[in-house]
Amino acid sequence: MPEDRIQVHDLVFKPYLAEREIRDRVRLLGMRINRDYEGKNPIFLAVLNGAFMFAADLFREVVISCEISFVKVASYKGTESSGAVKELLGLNEALQGRHVVVVEDIVDSGLTMRALLDRLSAKNPASVRIASLLLKPERLQESISVDYLGFKVPDKFLLGYGLDYNGQGRNLCSIYEPVGGDEASSSAPAEAS
Ligand code: IMP
Ligand code: MG
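Next comes the structure, spelled out in structure tokens:
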């Protein structure tokens, strides 16, 4: 196995997005946030577990006054046929009149983000925007617009930089994709505009 391959459980992964590319992009997002939220004292809500690494790097770029907090979205099966219900945990701050920025690792179907946005808007914030490192546009089932987006990525399972595969791999400093049968058909991440 080539030395840049990583085995996690039953899957082998190869590099997809380098640490350096991620860092440059995160720096740019931080600069935009600094510009947009100067004097607004925003409150950042980073979504655990996956966003911890993106959040830590992003917040190091944020030089304006702000508050930082962490929330968790727990899924459990509801009694109704509607399926999984998502509950917001860990939000102790009052959001009334505040400018909120949700910080996520990835928006996939968008169901998690939709549930989060619904729960946040019930608390009457002045505004809510989304910062997400990754977005899988092909997978979106909800109309979600990511205001501060790192990369648009294709519909494939990614690992590292906070993203896990059954609990493993969150500590990797860059992002990996599974090695498929056809190594040549890899499509590159697109930097969002
Ligand atoms: P949703 O489908 O947008 O609700 O995404 C829910 C969660 O699934 C994300 O916050 C991630 O924790 C996880 N997830 C989605 N895509 C991936 C992936 O490619 N790798 C690892 N976790 C993922
Ligand atoms: Mg997540």
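In my numbering, the protein residues as written are 36 to 228. For each residue, glycine too, the CB sits at the ideal point set by N, CA and C.
One or two residues paired with residue i in a DSSP bridge
i    : result
E102 : I78
Q42  : V47
R60  : DSSP lists no partner for R60.
A109 : E122
G204 : Paired residue(s): none; G204 is not in a bridge.
G195 : L198
E226 : F186
Run of the beta strand (DSSP E) containing residue i, from where it starts to where it stops
i    : result
E212 : 210-213
Cβ-Cβ separation, residue j to residue i (assumed contact under 8 Å), whole Å
i    : j    : result
S104 : E139 : Rounded, the Cβ-Cβ distance is 14 Å, inconsistent with contact.
L194 : G204 : 4 Å
E212 : Y72  : Between Y72 and E212 the Cβ distance is about 33 Å, and since that is not below 8 Å, they are no contact.
F87  : C101 : Actually they are not in contact, since the Cβ atoms of F87 and C101 sit about 17 Å apart, beyond 8 Å.
K187 : A227 : 6 Å
V106 : G125 : 5 Å
A166 : L64  : 6 Å
V8   : P77  : Outside the modelled stretch of the chain, which goes from 36 to 228, sits residue 8, for which no answer is possible.
P108 : V82  : The amino acid occupying residue 108 in the given sequence is Val; Pro does not appear at that position. With 8 Å as the limit, V108 and V82 qualify as a contact, their Cβ atoms being about 6 Å apart.
V43  : Y200 : 5 Å
G145 : L175 : 5 Å
L198 : G74  : About 34 Å; that fails the 8 Å criterion.
L130 : P160 : 4 Å
T34  : K171 : This structure gives no information on residue 34, because the portion of the chain shown stretches from 36 to 228.
I68  : I210 : Not a contact, Cβ separation roughly 21 Å.
Run of the alpha helix (DSSP H) containing residue i, from where it starts to where it stops
i   : result
M88 : 87-96
Residue i CB to nearest heavy atom of the ligand NAD below 6 Å
i    : result
V138 : No copy of the ligand NAD appears in this structure; the ligands present are the ligand IMP and the ligand MG.
Open item on the list: Please give the ranges of any alpha helix (DSSP H) in the region 121-190, keeping only runs that are unbroken, at least 4 residues long and fully inside the region.
Closed with: With a minimum length of 4 residues, the continuous alpha helix (DSSP H) runs that stay inside the region 121-190 are 146-156.
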